[in-house]
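Residue numbers (the working numbering): 182 to 406. Here a beta-carbon is modelled for each residue, glycine too, at the ideal position from N, C-alpha and C.
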């Protein structure tokens with residue numbers, strides 16, 4: 182039957198971690214509801230899920246869970262869906278004429294797999310070569326965090342970080358490598374707790390072998406303080 186085939190296709194898509202687009206797939210009415218409205222609706226949905234699983238929500242430990250989960254979804258782990266939270270794109274003149282690549286490595290990544298809504302945890306390494314403007318170091322971390330805080334696939338996240346920095350810095354010379362563990366692989370399914378996923382996106386000069394190698398050598402450095 183076609184319906185059964187469609188469900189099989191969806192299951193396969195989730196297990197294979199295939200992304201549908203480099204843009205987060207949002208509905209046209211994604212921002213029609215207020216945050217409070219979304220929290221109220223999600224709270225009821227979480228309550229229904231927990232009750233369906235057989236849990237007694239009158240228990241002191243559980244009765245606040247639907248509200249806590251709803252607020253966490255809207256304000257925290259999926260807060261990157263809110264365009265008002267997007268980091269401001271302020272840049273500065275490169276007055277010191279620094280012409281080499283700048284690398285921000287070991288940026289913490291906390292995201293959520295959009296196929297099973299389980300955590301993605303890892304590190305991002307981001308670099309750019311200035312064409313006359315620079316961006317504050319913390320802005321790179323904030324951009325990674327913003328695009329991480331939404332249902333994601335790692336490939337899309339890597340591309341979105343590069344595209345945003347290219348737009349902010351007005352240069353193609355941006356690169357990003359992410360190494361992360363997916364709990365949908367580590368804690369369910371195959372349950373391989375040792376494996377991690379590495380993705381990369383290289384723009385402009387970083388497509389050149391020597392520049393790309395220099396970047397990859399930098400992120401191998403063992404930084405200790």
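Problem set entry | Environment of residue 357 [buried if 16+ CB atoms lie within 10 Å] | So residue 357 counts as buried.
Exercise. Which term fits residue 206, buried or exposed, when burial requires 16 or more other beta carbons within 10 angstroms of its beta carbon?
Worked result: Exposed: under 16 other Cβ atoms inside 10 Å.
For this session: Inspect the CB distances between the stretch 308-320 and the stretch 257-275 and report whether three or more fall short of 8 Å.
Result: As far as the Cβ criterion goes, the stretch 308-320 touches the stretch 257-275, which means the pair count is three or higher.
For this session: With residue 285 as the anchor, note down where its alpha helix (DSSP H) starts and where it stops.
Result: Looking at the DSSP string, residue 285 is not in any alpha helix (DSSP H); the run it does join, the beta strand (DSSP E), is 282-294.
Exercise. Is the stretch 295-310 in contact with the stretch 260-269, if contact means three or more CB pairs nearer than 8 Å?
Worked result: Between the stretch 295-310 and the stretch 260-269 there are fewer than three C-beta pairs closer than 8 Å, too few to call the two in contact.
For this session: Quick one: measure Cβ to Cβ for residue 343 and residue 281, integer angstroms, because I've assumed they're closer than 8 Å.
Result: Actually they do not touch by this definition, with Cβ atoms about 19 Å apart.
For this session: Report yes or no: is there a C-beta of chain C within less than 7 Å of the C-beta of residue 235?
Result: The question asks about chain C, but that chain is absent: this structure has only one protein chain.
Exercise. If you draw a straight line from the alpha carbon of residue 391 to that of residue 258, how long is it in whole angstroms?
Worked result: Each residue's alpha carbon lies about 37 Å from the other.
Problem set entry | Classification of residue 338 by the beta-carbon crowding that lies within 10 angstroms, buried from 16 upward | By the 16-neighbour rule on beta-carbons within 10 angstroms, residue 338 is buried.
Exercise. Who are the Cβ neighbours of residue 394 in its own chain at under 7 Å, not counting the five residues just before and after it?
Worked result: Counting only Cβ-Cβ distances below 7 Å, and skipping sequence neighbours, we find nothing.
Exercise. Taking just the CA atoms, how far does residue 210 sit from residue 167?
Worked result: One cannot answer for residue 167 here, as it falls past the ends of the chain, which runs 182 to 406.
Problem set entry | Among 330, 364 and 284, the one whose alpha carbon lies nearest that of residue 346 | Of 330, 364 and 284, the residue nearest in Cα terms is 284.
For this session: Give the straight-line distance between the Cα atoms of residue 321 and residue 222, rounded to the nearest whole angstrom.
Result: Residue 321 and residue 222: Cα-Cα distance of roughly 34 Å.
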